[in-house]
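Chains as they are written, first to last, in the numbering used here: chain A, 166 to 395; chain B, 166 to 395; chain C, 166 to 395; chain D, 166 to 395; chain E, 166 to 395; chain F, 166 to 395; chain G, 166 to 395; chain H, 166 to 395. Glycine included, every Cβ here is placed at the ideal spot set by N, Cα and C. These notes are about the structure you will find just below.
There are 8 protein chains.
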Amino acid sequence: MDGDFACIDKDRASRTGCPEAVYCAGKTLEQSESIITRMREGDIPVLATRAQKELAERICHRYPDAEYDSISGILTVGRLAENAGGLIAVVCAGTSDLPIAREALLTARFLGSAAEIFPDVGVAGIHRLFSCLEDIRKANVIVAAAGMEGALAGVIAGLVSAPVIALPVSVGYGASFGGLSALLGMLTACAPGVAVVNIDNGFGAGYLAHQINKQTVAKPVEAVPGQHGL
Amino acid sequence: MDGDFACIDKDRASRTGCPEAVYCAGKTLEQSESIITRMREGDIPVLATRAQKELAERICHRYPDAEYDSISGILTVGRLAENAGGLIAVVCAGTSDLPIAREALLTARFLGSAAEIFPDVGVAGIHRLFSCLEDIRKANVIVAAAGMEGALAGVIAGLVSAPVIALPVSVGYGASFGGLSALLGMLTACAPGVAVVNIDNGFGAGYLAHQINKQTVAKPVEAVPGQHGL
Amino acid sequence: MDGDFACIDKDRASRTGCPEAVYCAGKTLEQSESIITRMREGDIPVLATRAQKELAERICHRYPDAEYDSISGILTVGRLAENAGGLIAVVCAGTSDLPIAREALLTARFLGSAAEIFPDVGVAGIHRLFSCLEDIRKANVIVAAAGMEGALAGVIAGLVSAPVIALPVSVGYGASFGGLSALLGMLTACAPGVAVVNIDNGFGAGYLAHQINKQTVAKPVEAVPGQHGL
Amino acid sequence: MDGDFACIDKDRASRTGCPEAVYCAGKTLEQSESIITRMREGDIPVLATRAQKELAERICHRYPDAEYDSISGILTVGRLAENAGGLIAVVCAGTSDLPIAREALLTARFLGSAAEIFPDVGVAGIHRLFSCLEDIRKANVIVAAAGMEGALAGVIAGLVSAPVIALPVSVGYGASFGGLSALLGMLTACAPGVAVVNIDNGFGAGYLAHQINKQTVAKPVEAVPGQHGL
Amino acid sequence: MDGDFACIDKDRASRTGCPEAVYCAGKTLEQSESIITRMREGDIPVLATRAQKELAERICHRYPDAEYDSISGILTVGRLAENAGGLIAVVCAGTSDLPIAREALLTARFLGSAAEIFPDVGVAGIHRLFSCLEDIRKANVIVAAAGMEGALAGVIAGLVSAPVIALPVSVGYGASFGGLSALLGMLTACAPGVAVVNIDNGFGAGYLAHQINKQTVAKPVEAVPGQHGL
Amino acid sequence: MDGDFACIDKDRASRTGCPEAVYCAGKTLEQSESIITRMREGDIPVLATRAQKELAERICHRYPDAEYDSISGILTVGRLAENAGGLIAVVCAGTSDLPIAREALLTARFLGSAAEIFPDVGVAGIHRLFSCLEDIRKANVIVAAAGMEGALAGVIAGLVSAPVIALPVSVGYGASFGGLSALLGMLTACAPGVAVVNIDNGFGAGYLAHQINKQTVAKPVEAVPGQHGL
Amino acid sequence: MDGDFACIDKDRASRTGCPEAVYCAGKTLEQSESIITRMREGDIPVLATRAQKELAERICHRYPDAEYDSISGILTVGRLAENAGGLIAVVCAGTSDLPIAREALLTARFLGSAAEIFPDVGVAGIHRLFSCLEDIRKANVIVAAAGMEGALAGVIAGLVSAPVIALPVSVGYGASFGGLSALLGMLTACAPGVAVVNIDNGFGAGYLAHQINKQTVAKPVEAVPGQHGL
Amino acid sequence: MDGDFACIDKDRASRTGCPEAVYCAGKTLEQSESIITRMREGDIPVLATRAQKELAERICHRYPDAEYDSISGILTVGRLAENAGGLIAVVCAGTSDLPIAREALLTARFLGSAAEIFPDVGVAGIHRLFSCLEDIRKANVIVAAAGMEGALAGVIAGLVSAPVIALPVSVGYGASFGGLSALLGMLTACAPGVAVVNIDNGFGAGYLAHQINKQTVAKPVEAVPGQHGL
């Protein structure tokens, strides 16, 4: 091979505030393991997504502080100190959406946010959503994970004042077309206050939620001091 | 021309219980006018959809009992006697969905059903839906017309016991792709009890709603007498 | 895990008239089994769709009144008392459509309707349809299951006065695009009186058929008494 | 301009048995007129499709034997001698399909076939098809023009022994997606014996029908004499 | 099960001139075997497509005159007597298109046509096509099987006077989208005289080719006697 | 008409923190005017999007504090007091993206945020982006508006620590497919920290940007006091 | 407006070897005119594409050396000195492809290449291509412009040793889907040596052809001297 | 089988300058092996793509000069003498794109070009690209391989004067739709100087890069002698 297969972006943390994550689905076991090892040698906390069980076993064996969530495939070694002021609510339409919803949840926690999950509150039985609405409203950012028609994001956005990150999930069959129907439904939600990440991109949703959440503490104090007393 | 341009299906009423409708969008003014005239000569009540204003003027001039709704483009001459026992509720997500929703409403009334419209109760402000839910629940059949993400149909289906006919509308822009997002959203609604008609097919939704509604009176008496006392 | 993975909608029956079903395809064996068990503890009749053989064996072992149909993957424990006055006809274009057609059939029966299936009567040999048309016409609701071009729904709708629920099936290859051609063909059927459920959604078709069928008895008597004498 | 804008394929007739046609939609009035004039100078019979009215007026003024059909936009100057043994049946689902169906009809006649049109016999009222089936069965080739779900082609193919050329038409709205639903429905017709031309390609359907029809006379005599006595 | 899973169309031969074929891909081994057995009991020659190897072994074991082509998956028991006057040329763009091209070839032969295959003559090396053009021109009908861009059909149609049946094949990767690019390319071929069957539908192409070929003998003599002397 | 055509959501402000906006594209001039008038009677500040020039003239004539931006079609009457602590940067790839980018800019300002626009800094000349990167980095939220390949959002997200709202624009031709390529490119941006709104939904982007920006002041103080000292 | 609407990339020429072009379709007349004027003030040669007639008149009036080609909408003021060693052949399938093909031709000439056009040599009459093949083979780079099935690019690539830039054109109707079928056909051309630009992007094809052509002179001498003797 | 399954295009080298390659994915092991053997018997250097490991083992066993790259699946036996003057740079966005990028790299080298790879320099961390930009600028042709949003090609094209061949890769999930998002993004890149090959077509990209690169030496000397002194 003509060179190395990966060029780790070591100063990403200083540039964007978050270390680089390792997406395992497109890599061999050996490639993923090698990248994680090198990151640990540089003392970088590791967040690996879509990690196969076998990789998790190897890494957990080598690093005692590694943690693996088999539902979402999230594998972490270390994590960032809590650094964000508010709460992230991850709302999940159905049982089948859990793996992706948990990817968002655990990503946000890894990066330093407090985050909670509200499972199985889809709009087909909308009273389930109302029964936990008070708790959801306490969050600074909401991640709404749903497959099929993806209506959850728009319904929530009409009920809260926090930004909603819509996370379409590729569950379902037929006209759900691998998450396309949920994606389109979320993009065209009538309620404003919604933006959408890629289908099944729990990592991206959790990352963005943390970015927003983090600012509620750090930025106002320094950047806009005059208005802080409001 | 080698023959006639239209072969009117005169015994349709006896076969399916409803006379044939005239879809004006794909016909010239003259073709539509000629078909309507021949139907009236045969004493068939006329329902014309997507009727241009000019056609409506000509027909209303000729037939005093003609009625034209300029919002939906529905033009009728005569109508069937009321022949269905229950009520049809046409629920409409936003102002922009009104032309298509009214096409459904007026079709159902033409065919002999009682029908009412509930405008501007989309899920972006879901309290508007709850405020008229009691009335909607009185209906035997519900037509849910919505564009954009089309979530209205699934949310209603989770709240009522009547069948819901989902009517996707081609309003909106961008990823609504001419009604495609609403169509997909309605097809993949998580709540059961929903079936979908073609985008903008208000006529089809009203027709089917009437077919269902009509049976609540006529069929039970003859076809399943033993269970009538339930 | 942060909470429970499923929040059973126990009062669904009182709200919509039907208990919640369990869609097994997106769940692990353990999740499905646990949900079914909890429903049985609450004395809720269970309808599970897309049930794997292994799940069926476990459930049938535990509950003597469980029944499993290996063609459709429908697994039931108990069922609702017959509560609808008319008949549902499930018409099926070809042998390959049977699994989905039977999902509709068994769902309708579980919910309390009488239902019959008419297999292999696709439009490529249209005399087969005509030979059972008299029987089909006896139904209050017709479910038309077909893959490929999906023409069956439209042809039937032109021949009967009952509502037709079109059920596109993902059989076929090439330009059938996983049921898309059948779906589009059914949505654009020229004959009115057709509405479409999601591709392969036999459950949804059977559920909606029952909802319509059920009203032919119950609703007219209470809700629209004045017109009952017609 | 660096050269000529069109390079007329003068020996096409000797190579493929048919002269080149002029597709006017993508050309300016002047380009079309100039091509037609040069073809006439070479004594080539002209078939122009999608001809604008203004072009037709200019050409009809110049050539007394020019004929223009305003419904289909077919403009001819001269035609080929009748050279095919059988009949072509152009079957047309609805009034809106007529322009394209006539394009097929007039193309086939221009090239030397006998051809007849059967308008408004779509499958929504299938008795209309049966009432002219005997006449359709007399044809050597059948062109089936339909929009929306395009079921006509498959239904006919199950009823006749002649080849069926399916001609999808871009009429309709919503999920007909500019003829796509008809195209897919025709491609996936369950009955064998169907092949499909491009959406709205009446010219191509008529041309191919003639090619097939022509062979029923010419080829057998010369090319396969031994089997002629069958 | 409520009835039989298949309703064999026994008089199809008298109606359309060809017996019904058995499409094995959507059926279980047992279903296919049972249908074939019943057809043989009725002395109907059998053409089964997409037959699995195991089915072929069982059938070949039972019926000595059964033949199986493992490349295309075509399994036949008996065949029709030769009944068509001309030759069918099956032209095949590349090695990967062979399974589907042979499905067309063997179908046509089963039905009673003489047919020959011209493999690996795609347009990327167009001299290969020209080197066998003389032989291709002898055919009454041409089937052009190609994947990727599907240009073969249009190029041939510009060089011959016989009708061309375009058969798109789902080989390739990326933007060939499972045969979609070939399908679209064939539908929009600039040369007239082309019609297209479904992606990978070798059976349909061979069937239609035979239908056309058969008429070159039978029909002219009986059906249009007066014009035979031309 | 059976009722009113619009049901203004008057307490939306208290529920979500922002008043309802008026989307004029799907409404008649009269409908828009009437809604605006009624909102003003209720003293609700008005933000109307896609306002036609004629509507703007009428409204500006009636309300002296109305403002109209002809590039974006944003029409406002009144605005909310500045209520957010940070800055929103609207970054715009090319001149053609300006109308939509300004819709986002003016929406954010209307709702009470400080916002600035950075026009014509697309990635085709990436030095233009770097020349204003310092200023962009000062923002709490970034809106990245781009058509064609939509690469701007991902490139920016890799360079900043603030959340990026990607706003695909329907400029371009051919394979940009009305903004679809930009939409897909933004959804699949390799850099995390991006979420996407609907094509051309400048309003939604500005609204969401404000929602995020607003929290940097209000929420931390009240809602999560314990963590404020971090 | 918050700033300027365009930020001209003045040192683009030094960076990429070519000045920036002005795409007029997405700009108002005034915006285009202003950009052109400022470029001329900086003595930058101007290439404007999709220029409206009215813009051309204004610019030609102001700058005597402006040239306008009404077929392609290319407007130039000045041009670069001839700076490339070889010839570019622009091959064009049909008359309807000319506007886009000429956009490529004139762009290449503006940038300093010699370029010639070969119109109306589509594969439907492939002898037309062979009759000018000798001349096409003299070119260093070939641009192949075609709509419909786009087969021209692949056929040429199999016949020449020069690189082929495929330029899909949005002519045609039905399944050409605005150039999509040509685009897919070109991307999947079986012959290697083809790369594709956006639909209707004559400018991009001409630009890239020039970039390749230019290197045949400049680069070898300076950059890779050692290998020049081969 | 009626003939041979492959017709090797032996004089391809003289016609296009490159021998034919063997695409193994659509062929059986035996077919690939047989073709390779026959090519070696004719002393033709062999480039096989998508070669399975087992095929590679057989071929490497038989021919000592065979080489196999397991990452890309490229298998070569012999290669062409170096015959091109400049360098090809293969730039690769991420680790997951390596297999396809190496297919391009090894194809170009096989054909006689010098080529280097620059892995993992995607735009999400754009400083990685800038750190090797000087080396990339030394190339005569650049291949830019990327999945997901495919922005790499456009960003590079804005920074260099050499032609860029964009190579979309089917890595990713969700809205990357098997490489479609990268393909569309590359086709609509705002920077000119980009053309695109099929998704995952590393072979085609390497082949075309070599064709361009080769001309920088050979053609100028013979074809355009007068300008050689520049």
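- In this structure the segment 362 to 374 of chain C does not lie against the segment 365 to 374 of chain D, because fewer than three pairs of beta carbons, one per stretch, are closer than 8 Å.
- As summarised for the segment 276 to 341 of chain A, the continuous alpha helix (DSSP H) elements at least 4 residues long and confined to that stretch are 292 to 296, 298 to 302, 317 to 322, given in chain order.
- Its chain contains Gly319 as the residues whose beta carbon lies nearer than 7 Å to that of C:Cys355, once the 5 sequence neighbours on both sides are disregarded; these appear in chain order.
- Bounds of the alpha helix (DSSP H) holding A:Glu198 are 194 to 206.
- Of the other Cβ atoms in all chains shown, 16 or more fall within 10 Å of the Cβ of B:Thr214; this residue is therefore buried.
- For A:Gly344, the chain H residues whose C-beta falls within less than 7 Å of its own C-beta are Gly339, listed in chain order.
- For C:Gly287, same chain residues with a beta-carbon under 7 Å away, outside a window of 5 residues either side, are Ala258, Gly259, Ala311, Leu317 in chain order.
- A distance of 7 Å or more separates the beta carbons of F:Asn363 and B:Ala304.
- D:Ser261 places its beta carbon less than 7 Å from that of B:Gly191.
- Taken in chain order, the members of the segment 190 to 219 of chain A whose beta-carbon sits within less than 9 Å of a beta-carbon on chain H are Ala190, Gly191, Lys192, Gln196, Ile200, Arg215.
- The residue from B:Leu352, B:Glu198, B:Cys225, B:Ala246 with its alpha-carbon nearest to that of B:Cys183 is B:Ala246.
- Short of 6 Å from the beta carbon of F:Val308, and not among the five residues preceding or following it, lie these beta carbons of its own chain, in chain order: Val255, Ala269, Ile330, Leu332, Ala370, Ala374.
- Shown here, H:Ala246 sits in coil according to DSSP, grouped into three states, outside any helix or strand.
- With the rule of 3 Cβ pairs closer than 8 Å, the segment 269 to 282 of chain H does not count as touching the segment 291 to 299 of chain H.
- In summary, no residue of the segment 280 to 302 of chain E has a CB separated from any CB of chain D by less than 7 Å.
- Interface annotation, G:Ser237: not in contact with chain D, CB-CB separation never under 7 Å.
- Shortest Cα-Cα distance from B:Phe283 to any of B:Glu232, B:Leu263, B:Gly350 involves B:Leu263.
- Between F:Val359 and A:Ser278, the alpha-carbon positions lie close to 18 Å from each other.
- Annotation: B:Asn378 to B:Ile253 spans about 7 Å, alpha carbon to alpha carbon.
- Within its own chain, the residues whose Cβ lies closer than 8 Å to the Cβ of C:Ile291, once the five positions on either side in sequence are excluded, are Val320, listed in chain order.
- Residues of chain A with a Cβ closer than 9 Å to the Cβ of F:Val361 are, in chain order, Leu352, Ala360, Val361, Val362, Asn363.
- An exposed status is given to D:Asp230, since fewer than 16 other beta-carbon atoms sit within 10 Å of its beta-carbon.
- If you look at D:Tyr233, you'll find it in the beta strand (DSSP E) that goes 231 to 234.
- Residue pairing by DSSP places G:Leu270 opposite no residue, since no beta bridge is assigned to it.
- The alpha-carbon separation between H:Asn366 and H:Leu348 amounts to approximately 11 Å.
- For the C-beta of B:Leu349, the chain A residues within less than 8 Å are, from N- to C-terminus, Glu314, Ala340, Ser341, Phe342, Leu345, Ser346, Leu349, Gly350.
- With distances taken between CA atoms, C:Leu220 lies nearest to C:Thr202 out of C:Ile209, C:Gly207, C:Pro210, C:Thr202.
- For D:Gln217, the closest C-alpha among the options D:Ile209, D:Ser237, D:Gly323 is that of D:Ser237.
- If you look at B:Ala374, you'll find it isn't in any beta strand (DSSP E); it sits in the alpha helix (DSSP H) that goes 367 to 380.
- Contact between D:Thr381 and D:Gly250 holds: their C-beta atoms lie close to 5 Å from each other, under 8 Å.
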